[in-house]
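Chains as they are written, first to last, in my numbering: chain A, 417 to 584; chain B, 26 to 125; chain C, 41 to 512; chain D, 5 to 500; chain E, 116 to 741.
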Amino acid sequence: MATVLFYILGFTMLAATLLCITRRNPVHAVIYLVAGLFALALMFYLLGAPLVAAWQVIVYAGAIMVLFLFIIMMLGLAPQDVPEGPSWQRWGPLALLSSSIMICTLLLIFKDPMAGQQIDDFYLAPQVLGEALFSRYALAVEIVSFQLLFATIGAYMLGRPLPKGEDQ
Amino acid sequence: MISFGHALAFAGALFVLGLTCVLLHRQILMILIGVEIMLNGASLVFVAASAYWQQVDGQVFALLLMAITAAEVAVALAMVVYLWRRKRTLVADEFNRMRG
Amino acid sequence: MSLPDLLALLPILILVFGGTVILMAGAWYREPLPLIAGGIVTALLGAVAAGLVQPPVVEIAGLFSAGAYARFFTILWSLLAAAGLMAAARYIIENSIGAGEYVSLVLYAAAGMALLSSATHLLALFLALETFTLAFYILIACNRRCTLAAEAGIKYLLMSAVSTGFLAFGIALIYASSGTLSLPEAVIKLSAATGELHAWGLLGWGMVLIAVGFKISLVPFHLWTPDVYQGTPAPVGGLLATGSKGAVVAVLVGMLAVSGPVWHGLTDLLWLLAALTMLVGAFSALGQKNLKRLLAYSSVTHMGTLLVGLLCQTSAGLTATTFYLVIYVITSLGAFVIIASLADERGEPMEFDQWRGLGYLHPVRCGVLALLLLSLAGLPATAGFMAKFVIFEAALQSGYLGLVLIGVLSSVISFAFYLRVTMLLFEPDESVCRWHTGTASEHAVIAVCTSAVLLLGLFPGILFDLIGRILP
Amino acid sequence: MTAASALPQFPWLTLLILLPLGGALLCLLHHRRAEECRWLALATTAATLGITIYLFVCYGQGDSGWLLYEDAAWIPRYGIRFTLGLDGISLLLVLLTAFLQMIAVLMSWSEKQHVPMFFSLLLVLEATLMGIFLALDLMLFFLFWEVMLLPMFFLISIWGHERRHYAAIKFFLYTLAGSMVMLVALIVLYLIHGEQTGTYTFALAELMQTDLSSQQEMLLFLGFLLAFAIKIPLVPFHTWLPDAHTEAPVAGTIDLTGLLLKTGIYGLIRFAFPLFPEATRSFLPVLGIVALTGIFHAAWAAYRQDDIKRLFAYSSISHVGLVVLGLAAWQLTAWEGSILLMLAHGISTGALFVLIALIRQRTGTRNLAELGGLWSQAPQMAFLFLFFSLASLGLPGLANFAGEILVLLGTFQTHPVWAAIAVIGVVFTAAYMLRLVQGVVWGPVKGRPTLPDLTPREWLILLPMAVLVLWLGLYPEPFLRPLHGAVVNIMAGGLP
Amino acid sequence: MNESLLFLILLLPLFCAVFNMLFGMRLPRLFTEVMAVIGVAGAFVLTLLFWGYAEGDGSRAVLFTWLNSGTLNVSFALNFDRLAAPMTLMVTGVATLIHLYAVGYMREEDDYARFFSLLNLFVFAMLVIVLADNLLVLFLGWEGVGFCSYGLIGFWYRKLENAKAGTKAFLVTRVGDVFLGIAMLWLFALTGTLSISAINAQAALISPGVVIVLSLLLLLGACGKSAQLPLMTWLADAMAGPTPVSALIHAATMVTAGVYLLCRFFPLVSLSAVAMTAITAIGALTAIYAASCAMAQRDIKRVLAYSTMSQVGYMFMAVGAGTVAGAMFHLLTHAFFKAVLFMAAGCIIHLGGGENNIFKMGGLARRGPAELFWVFLAGAVCLAGLPLTGGFFSKDSILLALYTYPDPVYRVFWLIGIVTALLTSFYTFRLVYLVFAGEWRGSGHPHALPLLMRWPLWPLALLGLAGGMFNLPAFLGGGEALHHWYGTMAGRMLTASHDVEWMLAGLAAAIAVVGWFAAHWRYRTYQAPLENALSRFLLSGWQADALVDRFFIRPFNAMALFSWIGCDRTLFDGSLEGLARTATRCGALLLKITTGRLTTYLSAFAWGFLILLGWFLLKLVEGGGH
């Protein structure tokens, strides 16, 4: 049952993503992506990662994508402002490139002897994850926190309005 | 029982789709979205591998990856705003004053 | 996190907390000079701490090494940060960039590089790499008066983001394949599986290679380099060209030094990459008319040569690579600082027309620039030659005659374009005009770099001994 | 190694290198006073010349050991040592270097542009040349060998004539390409030796003991030979020389002809031959034929030149062809002749370049079609021009003849056909030389009816050269004496 | 006295040459002139003083070691022996008179110091040849005379033709030097020494085949200097020089150097019959060739030049016929009368106001001083070989030697000699008639003849006329003094019955007279020069210059052009520049990839990734294979 669900979710996710990347309107794209991310979150859950799944929804779908939407709105990127996304002249070689990459990647992935292994049932309780996060990986968390701090600074430095007369 | 290979295949497909998005679009925001998709693919591998190896590390990586993505997106979007203000365009190819 | 761990982390802590303090101070205190001075002192303190404090542990939290090798690079990157700040002082003030933010970002980047150089864990590697990459996004673009900087910023950012994607996926695959995130273990597991080639591991390492290749600009992932170098203000460019590449190479060297020869599956590929990189970099630089772009292509060539050293995977090769790296960092930094020191309200001299005949107006700096360029080219009696020599020696020892010959070819071509610049500098030209005379701090950095290049060129034994002792 | 006595002796050889370097540094530091730089440079070169003459007088008695030997550790990790040694061959070349460099300094006295840099480059060049002729550690040699290119490059590219950039780059890259190949060969040799014996070293004496398979030896020899052949230059690797000669300022031209070309030959003698005796033996016939080809090819090409500097460039190629022929003959007399010819050629052609520079200064042209009647315009100059041209075409009694005849006499002993063909080259030399003299010295006066004749300073430059040309031509014994022992040593495949 | 004092003979002219070179223009003219004459005259006197050294086996003097390397040890050494002594005396003696003459001749020349200096240097170099003990020293003089003649022929360098004539002389003689040089190298390789006497002593040990080649090499070397076929083209052009130079170089000294060389190496050369025949053949061919050319020449000096060539041919024949004494005898008498002829020709040209063309002269017997006519006539009769003159005896002895040579081929040479004698007599009297008979046809104003240009002719004229006395043949009651003086060096003893000798002498006398009559018949009254093909052919010296141009100079030029343009410019530089261009083009191509557009860069990323993937797949397939 879980297995079937996993595959359904997987293909849903891929479909949503495919729709996302072919949209010309960024708002549509983001919405499709959010759908894909939800499916992914459920896959995480099925793979025994409830906390990651929850955060996927909260952080990715909830925060990051909303941030994207926010920026699109803020800059007022109406669909006509968006350059014609994929133009058909570029499709040919790109489709070839992408599909070759896709085929090669999948071939490589299936070529590995481990590809046939099954994932045993696994469930990682949030508290175990939390413990690992704040003991073994405490230093990593610190680094990430600093990174977020400097990202804020950076966003502030770059995002400030330009002095008068300097925008073109 | 989920096949490890299949999980990775989903992840790989997601990654390649993200890469395709990056290649396909000329608009900076869409390129960033493509990168997010690629990173999601990576997360899926981590989580799947974590389950396969019955370890916590993969999930930790996935979590921290998410955080880092957030930081990066913050800066990237600030840059987008900055560029928009400067040039009123988000087409990546418009930024080609330096070349050769 | 125990006390010994913290003690071992002291230099990083100094850099990071010093940076944070200066950031805070910058919010209240708008005078830039003291902030910059504080930053320099912090960086130097970090270096001193790394040099003097003997850590009680060899590994920090299973993520970072605390060995002599890591400390050496911590010192190097701290000093680089100090030099970068000294060179940037005028740039910060004249462009009214927030000094607190700038200084803290540089210190933070240095901390990131130091962490990367000492990473022994894939997560640590990823985080440290992201850390200074993030800092560079901002540093490149933070000069709001410069349009080229914005363009460079977005190019670097997007390319870097994609490479992050590759790195993350690569690490994920390695993890999936080996079940561990510890760097040496993962490497050993890969190399242990010689009987049956692990597709995932191979693919994972390949993707990591792409990310690394992007960072150190290997062909074909090098295309951003000239654009970003050109757009980036020289004080930042100096750091970008040296630290961000050097730290990546350093971690690879450290990894190989611990794990011994690996990469059986990748050797041919790396061979090809190194050859391509050396040649494409050299050929591309031939037609350049812009000094910073030229330096970018030259750095491509240099990274190709470094890759030759890495490819050897022998102790001679790693020593040579480390030596080469240090020399490259010093020389390259010197060149960028000279460009920075000449910058004035017109910007930096970049186009060749601006350099023509400049040697007679600014004889010392142009002379030194010529020397540094020739050192980059590998003229004997400068450090650059010793560096090239040891790489070739190691490569020949490992039997890479073909690569060495390609390296020789690229050296000869490199000489062609470096010589063109040096010739240009001393070509009498009436229309040449003066640039900034430079400040004492800039001159100090140039002097240090120059004397290091000369000293290490004539007496490279000092550095060899040091590297011999620190290499794990 | 025997001469490496335990007694600490005065480090003359190191001084020979350091003195010009110090002078160069002082010149640079003193760059605000151009006038004083000239004197500084002159004093430095004079002091160097003094030392070399002192060494010549003290040690030029034909001892077969090292006349002087200095050795110090340098980069122990790679077995690189700072080893200098002086034997008869080096002694003569060092002497020539010091002499010609002083001439070059005097000749550049009226240089106006960027004087301090000019002289410091000249002095650096001198130091590196000394290093080349003295170094016994291959890495040390290579270091000097490469660094030498740089001052020359700048001399051409900054102070040269119209096509200076082209010429400078061509010169640098061409010679660099060769020497990079040599570097690779050098490292391979080092590694092979290291693997065999366990000691990794660049010391010439030890590398000579390496056992090489004949194929290895041939390849390595070719690697070395390429570098030297380009520098010598042997046809067909010679085309950089006419350009470099033509475009270089006079001091540069003197150094190029007089000294740089000699470094290639010296490299053959000192390194390529002793390191790879088997390969040398099997390659000598090829070398001889190449040298012969060079003699004729260059003489022909010289015949068609209208730029007199270019003409002399080709004449130099032709002359060094004869020098190499003498080496290829592998015969004692021929070798001594070759080395003597190197000296003679350095001086006589050097003097001719001096005169060409003076002629150009006065007439503003180097084109044969625009010159003529120099004897009416400036008889003293014309006389000297004729004199050195005759020396250059090998008139007996003048310097070149002594060397040439030794080469030919020696070569005939082992390779009669080569020698016989080379003698024909003598006519060809005469052909282009006489065409030159006819165009410059004789004929109706073109341009101004009179030109300022030689000034005392110019006499000061040319007179010693004329005296030396006569001396070498009539009584070369003092210069041959130091060679006897040294040449025997090297031909026997060893070092003193 | 000491033997090394012999060097004074050499050093005196050298010293005066150097002195005049350095200070000549700064001192009074007279001083320079006196120095110049003293240099030569002093040498003459010294030769006389040192005459005793030449007797017996001669004397060797060593100054210092010149070259010393390996087995080679060459000294500056002189050998004053019986062969050298008369030659030295002749060279210095004639040169002294020529110097005196030159003082007068160059009275109006400003650049006199260079002239006298070169003249002295020339004498020095010639003496070096004569006195050299070893081949290297000989070569020094050999090349030295080459250079001095170069400088003297091109003395009036402002006219480019003169300079070119000098260059031509130098170059052509240098071609000969190549053969001498090769011979020298070979001799050294064979014998391990360069000493001439040592080589001659060892000559018998050399294998016969090698001897032939060596002799031929020496012969060719001699041909260059002596203007024999095929290296004769320079001599006629060399008349561009001042007349004293022509007298010195082309009469007395340089052209005879070749003969002297062969005489020096006679012991070696005579070992090979083939070489001897070759020498005779060359001499005979040149003699008749030059005589034929002389018949058509219009320039007085060129007539004399060709006559010189022809007479030197006789000397070669003499050597070839094995009589060194005969060769030297003719050499001496020829030096005297030819010097007279040249110097008188100088006076004639002077009188004609610089006119060289004999068809624009005439009537000089009355127009000029009578003594000039007599002096010239004296020289002419010697040249024509009228009986009892010096020329008659010396030529006769050569013809005798040819006639009596055992090899029948020599009869052919003898016949050529006779025919040549006929031609000689004809063109000599043609010259005399054209110059002295009839009316003045020229236009130039005569220059005054200084005294110094007149009286040096007399002693030479007398010596020429009476030259026969030196070696009067036995059938005339003579003692063959010269022959006896040379002793062992004299070569073959001529043995013929007096009847034969009388017959030959009579024939020679008859031939000379016939020639005279023919000239008298043709030129007694003025005849304009013939303009037919034959005369043009002879005038141009059988088109020799054109042939040389066609077969040597043009190919040389073509080769030179090929080396310079074809090889260096096109092939070597072209390929180098092509390489550079290719590199630059590669660079430009690579720069095109750097479009500045992010999409390009990202697709480069993707392509790189694809290649990586492909590589791995390949690896895995291969890895799966085994």
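Here a beta-carbon is modelled for each residue, glycine too, at the ideal position from N, C-alpha and C.
Query: Give the DSSP-derived three-state secondary structure of residue 78(B) in the structure shown.; Result: helix
Query: Does residue 323(D) come out as helix, strand or coil in the three-state DSSP assignment?; Result: helix
Query: What is the C-beta distance between residue 162(E) and residue 207(E), in whole angstroms, given that I count them as a contact (C-beta under 8 Å)?; Result: 5 Å
Query: When the Cα atoms are used, what is the spatial distance from residue 558(A) to residue 159(C)?; Result: 15 Å
Query: Could you tell me which residues DSSP puts in a beta bridge with residue 116(B)?; Result: 52(B)
Query: Taking the CB atoms as reference points, tell me whether residue 29(B) and residue 535(A) lie closer together than 8 Å.; Result: yes
Query: Is the beta carbon of residue 537(E) less than 8 Å from the beta carbon of residue 638(E)?; Result: no
Query: Can you list, in chain order, the residues of its chain whose CB lies under 7 Å from that of residue 101(D), leaving out five sequence neighbours each side?; Result: 130, 133, 134, 137, 263
Query: Can you tell which of 162(D), 261(D), 86(D), 334(D) has the C-alpha that lies nearest to the C-alpha of residue 559(D)?; Result: The requested residue 559(D) is not part of the displayed model; chain D covers only 5 to 500.
Query: Measure the Cβ-Cβ separation of residue 341(E) and residue 260(E) and say whether it is below 8 Å.; Result: no
Query: Alpha carbon to alpha carbon, how far is residue 105(B) from residue 113(B)? Give it in angstroms, no decimals.; Result: 10 Å
Query: Does the beta-carbon of residue 164(D) have 16 or more other beta-carbons within 10 angstroms, so that it is buried, or is it exposed?; Result: buried
Query: For residue 235(D), is the classification buried or exposed, using 16 other Cβ atoms within 10 angstroms of its Cβ as the cut-off for buried?; Result: buried
Query: Give the residues from the stretch 191–213 of chain C that approach chain B closer than 8 Å (Cβ to any Cβ), ordered along the chain.; Result: 191, 192, 193, 194, 195, 197, 198, 201, 202, 204, 205, 206, 208, 209, 211, 212, 213
Query: So residue 174(E) is in the beta strand (DSSP E); what residue range does that whole segment cover?; Result: 174–184
Query: Alpha carbon to alpha carbon, what distance is there between residue 573(A) and residue 221(C)?; Result: 35 Å
Query: Give the secondary structure of residue 1(D) by DSSP, where H, G and I count as helix, E and B as strand, and everything else as coil.; Result: Limits of chain D in this structure are 5 at one end and 500 at the other, which puts residue 1(D) out of reach.
Query: Between the stretch 481–499 of chain C and chain A, which residues of the former have a C-beta closer than 7 Å to a C-beta of the latter?; Result: none
Query: Determine whether the Cβ of residue 687(E) lies closer than 8 Å to any Cβ atom of chain C.; Result: no
Query: If we cut at 8 Å on Cβ distances, does residue 540(A) have a partner in chain E?; Result: no
Query: What number of angstroms, rounded off, separates the C-alpha of residue 308(D) from the C-alpha of residue 275(C)?; Result: 56 Å
Query: Looking at C-alpha atoms only, which residue of 360(E), 495(E), 599(E), 196(E) is the closest neighbour of residue 577(E)?; Result: 495(E)
Query: Curious, which full-length alpha helix (DSSP H) runs of at least 4 residues does the stretch 94–168 of chain D contain?; Result: 119–138, 142–151, 153–163
Query: Indicate whether at least one CB of chain C lies closer than 8 Å to the CB of residue 570(A).; Result: yes
Query: Sorted by chain position, which residues of the same chain lie with C-beta nearer than 7 Å to residue 5(D)'s C-beta, five sequence neighbours on each side aside?; Result: Caution is warranted here: a pLDDT of 41 is assigned to residue 5(D), below 50, making its placement in the model unreliable, and no coordinate value can be reported.
Query: Which same chain residues end up closer than 6 Å to residue 262(C) when comparing Cβ atoms and leaving out the 5 residues on each side of it in sequence?; Result: 340
Query: Could you say which of 270(E), 583(E), 617(E) lies nearest to residue 358(E) if we only look at CA atoms?; Result: 270(E)
Query: DSSP three-state call for residue 342(E): helix, strand or coil?; Result: coil
Query: Tell me, please, whether the stretch 156–174 of chain D touches the stretch 233–248 of chain D by the rule of three or more beta-carbon pairs shorter than 8 Å.; Result: yes
Query: Would you tell me roughly how many angstroms separate the C-alpha atoms of residue 457(C) and residue 254(D), rounded to the nearest one?; Result: 26 Å
Query: Start and end of the alpha helix (DSSP H) containing residue 192(E)?; Result: Not the alpha helix (DSSP H): residue 192(E) falls in the beta strand (DSSP E), residues 187–195.
Query: Do you know whose CA, among 345(C), 58(C), 375(C), 510(C), lies nearest residue 257(C)'s CA?; Result: 345(C)
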